[in-house]
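Enquirer: The structure that follows is given in the form of structure tokens.
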Amino acid sequence: MAGAGEAEAALLAWMDRALAVAKEALEKGEVPVGCLLVYEGEVIGRGRNEVNETKNATRHAEMVAIDQVLDWCKQHKRDYREVFPQLVLYVTVEPCIMCAAALRLMSILSCCGSVLSISSDDMVDSGDPFECSSGYRAEEAVELLKAFYRQENPNAPKSKVRKKDRRR
Ligand SMILES: [Zn+2]
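Read in order, the letters of the sequence shown correspond to residues 1 to 168 in the UniProt record's numbering.
See below:
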């Protein structure tokens, strides 16, 4: 019989893959959030923040992944209303209100992440709350965020950066 340890190992493996997506975001100068939408053991949505790249404040990892799932459904001639309720979201950082509401509207099955609570709260009338489990790979996700906020804003114009006089 497959024990709880095995299920947890599988979950952590998905979280590692989501973290790899978050690292990609960090390398591109985006807030490091990554997520996967998994359907029957297959990744059909894979998103990272694209806010700076697209200059669109709504291009959060989850929204990018939702769009990919909609494309996947079109390509595979599947009804998204049947696919979304089977989806499991693996995300490195708690979805914001916008994404949580979108995920609820699309009726995803469940959500696993590092730090979560909002998606199960009764804060907006946007469909049934989905099941959440949190606490997975939280340290790694937080480390990525810290790394992002430590670096200088890569979008700042170069001319504004003054070089220090090195002569002593
Ligand atoms: Zn969001």
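Just so you know, even glycine gets a beta-carbon here, dropped at the ideal spot from N, CA and C.
(1) Report the start-end ranges of each alpha helix (DSSP H) in the UniProt domain "CMP/dCMP-type deaminase" (9-130) that is 4 residues or longer and not cut off at the edges.
(2) Just the Cα atoms here: how many angstroms apart are L109 and L37?
(3) Given 6 Å as the limit, tell me if M106 has its C-beta closer than that to any heavy atom belonging to ligand 1.
(4) Which partner residues does S133 have in the DSSP bridge list?
(5) Closer than 7 Å by C-beta to K23: which residues in its own chain qualify, once you throw out the five before and the five after it? Chain order, please.
(6) For E96, does the count of other Cβ atoms within 10 angstroms reach 16, so buried, or fall short, so exposed?
(7) Out of curiosity, what's the CA-to-CA distance linking P129 and R104?
(8) Can you tell me whether DSSP reads D165 as helix, strand or coil?
(9) Can we count H76 as close to ligand 3, meaning its CB is less than 6 Å from some heavy atom?
Expert: So, from the data block:
(1) 51-54, 61-75, 80-83, 97-105
(2) 10 Å
(3) no
(4) C112
(5) P32, L144
(6) According to the sequence provided, residue 96 is Cys. The question's Glu does not apply to it. That one is exposed.
(7) 6 Å
(8) Annotation note: pLDDT 47 at D165 (below 50); position unreliable, no value reported.
(9) Of the ligands this structure carries, namely ligand 1, none is ligand 3.
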